[in-house]
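Engineer: Residue 23 is where the sequence shown starts when you use this note's numbering, and the numbers rise one by one after that. Quick reminder that beta carbons are idealized off the backbone N, C-alpha and C, glycines included. Next up is a structure, given as C-alpha cells.
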Amino acid sequence: MDSTVEAPQDVIPARLLQGQKALVTGANSGIGKATAIALGGAGADVVVNYVTGREVAEKVVEEIASFGVRAAAYEADVSQEDQVVAMMDRMVQEFGTIDVLVANAGMQRDARFTEMTLAQWQKVLDVNLTGQFLCAQEATKEFRRRGVVPEVSRSAGKIICMSSVHQLIPWAGHVNYASSKGGVQMMMQTLAQELAPEKIRVNAVAPGAIKTPINREAWETPEAQKDLLKLIPYGRIGDPDDIANAVVALASDLMDYVVGTTLYVDGGMTLFPGFATGG
Ligand code: BGC
C-alpha cells in the first residue's frame, strides 16, 4: 500500500462547519433534532427552533453546547410571518448572522380524500410549504445583506429544504402531505435558479422511511415493519442520523457545486422496488 495516501479524516475536516451559524426549524424532535445536533458536532453554532415542547428543545440545546459551540432554543410557528421575521431578527442579533437554514419543520394530518377537512389540508400546506417559503425568504435577506465571507464559506448561504420521497411518490390518504412536498420540490428548484447568481445554494434532502414519531405506526409493530421493509431495497428503516449526516455534507463546502438538487436518502425507496421481481 502507498503509505503517502492520507486517511480520510486528514482530508475531510472533522469540523466541517466551523464558524457557521445554522438554524434548524422543528428541531426538538425526529429528523430536525438529529440534524441540529449533527450540525453542532460539525462545529456550527445552532438555533434550535420549536413551536411546542420547550423542555425538549432546551435538552437539544444542552447536547449541542457540549460540543463547545453556541446553541439556543427559539420558539416560533414557521407558518406565521411575524414569528419568522422575529426569529430571524433575534438570530442576527444574538448570533451575528445565518449561514445555513435547514427548513425542516413539517407535519402530517392524514385522511382519505373525501374525509379530509379543509383545515387538515390547509394546516399541512401552511407548515410544510408556506413555512419553508417564509424561512427561506428571511434567511435570503440576511445572506444577501452579508454576502460571501470567504473565511467562513465559499457561498453566501445555504438553504436545505426538508422534502420527502413523497415529492415523487404519490401517497393515497395523504394528499395534503404529498402535495406539500411536491410544492417543496418546485419551490426549491425555483429558488435555486433565482438565487444561485448571488452565491446562495438551495437544495433539498428527501428522506424515505425514517424512524421518528411522525410515522410511528409504520414501524412500531413487527408486522408493520415487515410491510415497510418491502418498500426499502436496502433492507433497513432509516435513522434520523442518516438524514442529519446528509444535511451536514450538503451544507458544507464539500458540496459547494451542488445547486438545486434533491438528495434522496431513502435506502432505495424511490427505485420502484415492486419492479425488482415484477413488471
Ligand atoms: C413520511 C413518513 C413515511 C415516509 C415514507 C415520509 O415523508 O413523513 O410518514 O413513512 O415518508 O413513506
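Pick from Gly290, Pro255, Gly52, Lys248: whose alpha carbon is nearest that of Met184?
Structural biologist: Gly52
Engineer: So Met209 is in the alpha helix (DSSP H); what residue range does that whole segment cover?
Structural biologist: 197-217
Engineer: Out of Val114, Ala226, Gly48, which has the shortest C-alpha to C-alpha gap to Tyr286?
Structural biologist: Ala226
Engineer: Going by other Cβ atoms of all chains shown within 10 Å of its Cβ, with 16 needed for buried, is Asp99 buried or exposed?
Structural biologist: buried
Engineer: In the DSSP assignment, the alpha helix (DSSP H) including Glu164 goes from what residue to what residue?
Structural biologist: 153-168
Engineer: Take Phe165 and list the residues in its own chain whose beta-carbon comes closer than 6 Å to its own, dropping the five residues that flank it on each side.
Structural biologist: Ala178, Gly179, Ile222
Engineer: Please tell me whether Leu45 and Leu123 are closer than 8 Å, where the distance is taken between their beta carbons.
Structural biologist: yes
Engineer: If you run the structure through DSSP and keep just helix, strand and coil, what is Met138?
Structural biologist: coil
Engineer: For the 8 Å Cβ check, are there 3 or more pairs between the segment 207-216 and the segment 273-287?
Structural biologist: Three or more pairs of CB atoms, one per stretch, sit closer than 8 Å, so the segment 207-216 contacts the segment 273-287.
Engineer: Buried or exposed for Ser88, please, with buried defined as at least 16 other CB atoms from any protein chain shown within 10 angstroms of its CB.
Structural biologist: Burial state of Ser88 is exposed, judged by a 10 Å Cβ sphere holding fewer than 16 other Cβ atoms.
Engineer: Between which residues of its own chain and Arg258 is the CB-CB distance below 7 Å, once the five residues before and five after are set aside?
Structural biologist: So the qualifying residues of the chain are Gly289.
Engineer: Can you tell me the Cα-Cα spacing of Ile232 and Met291, whole angstroms?
Structural biologist: 11 Å
Engineer: Ala266 by DSSP, collapsed to three states: which one?
Structural biologist: helix
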